[in-house]
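Heads up: the structure comes next, in structure tokens.
In the working numbering, the protein residues as written are 2 to 59.
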């Protein structure tokens, strides 16, 4: 695994962690288990992206 693969893995896991810890700031009431790992795909959905940004702030 090259440096790009390691960097991509760190960004992916970091995104999961930030969403997981900030989940209570979102409008979602459930779905933490599947919304967190799917963030790279769901980020193209505007409502999810807005909630993802809410989770990252704080």
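Heads up, the beta-carbon is just placed ideally off N, CA and C, and yes, glycines get one too.
Residue i (DSSP reduced to helix, strand or coil)
i	result
residue 30	coil
residue 54	helix
residue 4	helix
Residue i versus residue j: straight-line alpha-carbon distance, rounded
i	j	result
residue 13	residue 37	10 Å
residue 26	residue 18	14 Å
residue 3	residue 15	18 Å
residue 35	residue 6	23 Å
Candidates the options: closest to residue i by CA position
i	options	result
residue 51	16, 8, 28	28
residue 21	5, 40, 44, 10	40
residue 30	44, 45, 49	49
Close-in-space but distant-in-sequence residues of the same chain around residue i (CB under 8 Å, 5 per side omitted)
i	result
residue 23	55, 56, 57, 58, 59
Close-in-space but distant-in-sequence residues of the same chain around residue i (CB under 7 Å, 5 per side omitted)
i	result
residue 46	none
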